[in-house]
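Engineer: Same order as they appear, the protein sequences are chains Z and V. Read in order, the letters of the first sequence correspond to residues 881 to 1036 in the working numbering. Read in order, the letters of the second sequence correspond to residues 9 to 240 in the working numbering.
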Amino acid sequence: MKENPKTGLAGKVRELLKARARAMSPVGICEALNIPKGPDRAVIWDTLKDFQERGEIQKTEKGRFRYNHAHQKAVKGLLKQTVIKAVYFSISGFSASDIQKLSGVRDKHYIQRIMRKLVLGGHIIQISRRKCAHGRGIERVFSIVDRAKFRLDLVG
Amino acid sequence: MSKDEFVITENVSTFDGICNELRDPTSAIGPSLAQVTGPAGRGKSEAAKRRAVKTNDIYLPPMNQRSPLMLLREIEFELTKEKHGRIESCLDVIGQEMGRERRVLMIDEADLLKFSILEMCRNMNERFVCPIVFIGETGLAGKLSKERRMSSRIRCKMEFNPVSQADISLYFEKSLDLGLSPSDVTLVQRHSKGDWRPILTLAVFIERAMTASGLSKIPEGLVRQIVDERES
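(1) Return the residue from the list V:P70, V:L223, V:C164 that minimises the CA-CA distance to V:Q43.
(2) Please state if the CB of V:L113 and the CB of V:I140 are separated by a distance shorter than 7 Å.
(3) Straight-line CA distance for Z:Y947 to Z:A903?
(4) List the DSSP bridge partners of Z:M904.
(5) For the beta strand (DSSP E) that contains V:A211, what are its first and last residues?
(6) Counting beta carbon pairs with one atom in the segment 65-74 of chain V and one in the segment 196-206 of chain V, are three or more of them shorter than 8 Å?
(7) Apart from the five residues on each side of it in sequence, which residues of its chain come closer than 7 Å, Cβ to Cβ, to Z:F1030?
(8) When DSSP labels each residue in this structure, what does Z:E1019 get in the three-state scheme?
(9) Mapping the DSSP letters down to three states, classify V:E228 as helix, strand or coil.
(10) Applying a beta-carbon distance threshold of less than 7 Å, which residues of chain V neighbour Z:Q980?
(11) Taking beta-carbon pairs under 7 Å, can you tell me which members of the segment 936-953 of chain Z lie near chain V?
(12) Beta carbons nearer than 7 Å to chain V: which residues of the segment 955-977 of chain Z have them?
(13) If you measure between the beta carbons of Z:V1021 and Z:S970, is that distance less than 7 Å?
(14) Expressed to the nearest angstrom, what Euclidean distance is found between the alpha-carbon atoms of V:A217 and Z:D987?
(15) Looking at chain Z, which residues of the segment 59-80 of chain V have a Cβ within less than 7 Å of any of its Cβ atoms?
(16) Have a look at the DSSP bridge pairing and note the partners of V:E167.
(17) Entirely within the segment 961-1002 of chain Z and at least 4 residues each: give me those alpha helix (DSSP H) ranges in chain order.
(18) Output needed for V:T17: all residues of its chain with C-beta closer than 6 Å, excluding positions within five of it in sequence on either side, in chain order.
(19) Considering V:F142, what are the terminal residues of the beta strand (DSSP E) in which it resides?
(20) Helix, strand or coil for V:R50, going by three-state DSSP, please let me know.
(21) What residues from chain V crowd round Z:G1001, counting only those whose CB sits closer than 7 Å?
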C-alpha cells in the first residue's frame, strides 16, 4: 500500500485551529496557510475529515470547524488523571489524605509525589498544616492557585 | 492507623444509580432532571465530587452569586475548556457537546440559585437532552415545587438519609480496622444526629486515644467517655 508522504500539514492545521477561538471554514484554513487553489487544497479536506472522525475538531452548523480542546490529553495515565481530577474538584483546603479518599488511589506516596510536582509547577500552594487524623505527624494542606489554568493545563 | 478510604454508603449507591439512569440514553423517558436534597453533612457534595472524579460527569461547585451567563460559561468551560461571552454561543457549544457525549451536570447548592437560573437549566434539559442533578439542602425541594412545570419534570427525587448504623459499622471497619460493639454504634449514631462530620471527628479522637494507650481493640467504655467529653 502506498503511504502518503509526511508534509506536516496536519500539524499546521491543528496549530491554526487551536490558536483561533472562532470556528474556521475550510477555505479560510487554506488561505491562512497560504495553500494555493487547486489539487493541493483537496488534501485539507482529508485532514479535516480525519480530525473530525477522532473528535479533535467539531463541525458547526455553518460548516465551519472548531478545535475541540477537550480532546487534548495533557496528562497521560489513568491513575494520574484520577489524582489530578480529585485535586481539581477539591479546590481548596485539601491534603494528600483527602485526595486519597476521593480518588481511591491506594498508594499515598504516589499521590504525594504528584502533589509535589504540582507545587513545583506552581499549580497548587500550601496554605497551612494540620495534625494527621491518627495523631502522629503533620500533613500539609493545599489550595489550587488558578482553577481555570489548572483545568486547561492538566485535566484531560 | 486510619486508611483514607471512601465508604460507599447506601446514599452514595442510590445517588450513583440516579446519575447512571439519567446518563443512559436508552432510559430517556421524558425529562432527565433530578433533585438530591438533605441537610448539611450528609455527604451529598462528596458523593458528587467522587462521581465527577470517577466518570466524565461534571460537578459544578457552589457559588451563590451566579448570573445565567456565569453558569453557562462554567458549564461550557468544563465541557470544552472554552468560555464564550454570549449566552447564545455558550448554549450552542453545550448543545453540540451534549450531542457528542451525554454527561450529567451536577449543580451543588442549587437551592441558593435564583429560580430563573433553575428554569434556564430546565430549558437546557429540554433542548439539548442534557441531564441535570440539582443538589441542595431541604429548601431546594420547596423551591423546585414552586412551579408545576418545573416539579413535573423532575424524574428522580432523592433524600440523603441520616447516617445509618450499618454505615457507621462499615466506616469503622474499612477505615480504622475496628469493630464497634452494637451499643457503641448506637451511641455514635445518636451523637452524630445523622451527620457524617461528628462521626469523622469522633473516629479521630478514638484513634488518637488508642494510639496513645497502645491498644489494638476498642475497650469498653472508651467510646462513651469520648462522646461525653465531646458533648460536655
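Cβ coordinates follow ideal geometry from the N, Cα and C atoms, glycine included. Everything numeric in this text was worked out from a predicted model, so none of it was measured.
Structural biologist: Taking the coordinates as given:
(1) The shortest Cα separation from V:Q43 among V:P70, V:L223, V:C164 belongs to V:C164.
(2) Taking a C-beta distance under 7 Å as the contact criterion, V:I140 and V:L113 qualify as a contact pair.
(3) Between Z:Y947 and Z:A903, the C-alpha separation is close to 8 Å.
(4) Z:F945
(5) Segment 204-221 is the alpha helix (DSSP H) holding V:A211; no beta strand (DSSP E) there.
(6) no
(7) Y968, H1003, I1024
(8) strand
(9) Of the three classes helix, strand and coil, the one that applies to V:E228 here is coil, per DSSP.
(10) Neighbourhood of Z:Q980 in chain V, by CB distance below 7 Å: D12, in chain order.
(11) Q938, N948, H949, A950
(12) T962, K965, A966, F969, I971, S977
(13) no
(14) 26 Å
(15) A60, V61, Y67, P69
(16) V:T45
(17) 976-983, 988-1000
(18) The residues are D175.
(19) 140-144
(20) Of the three classes helix, strand and coil, the one that applies to V:R50 here is coil, per DSSP.
(21) The premise fails here: Z:G1001 is roughly 18 Å from chain V at the closest Cβ pair, so nothing lies under 7 Å.
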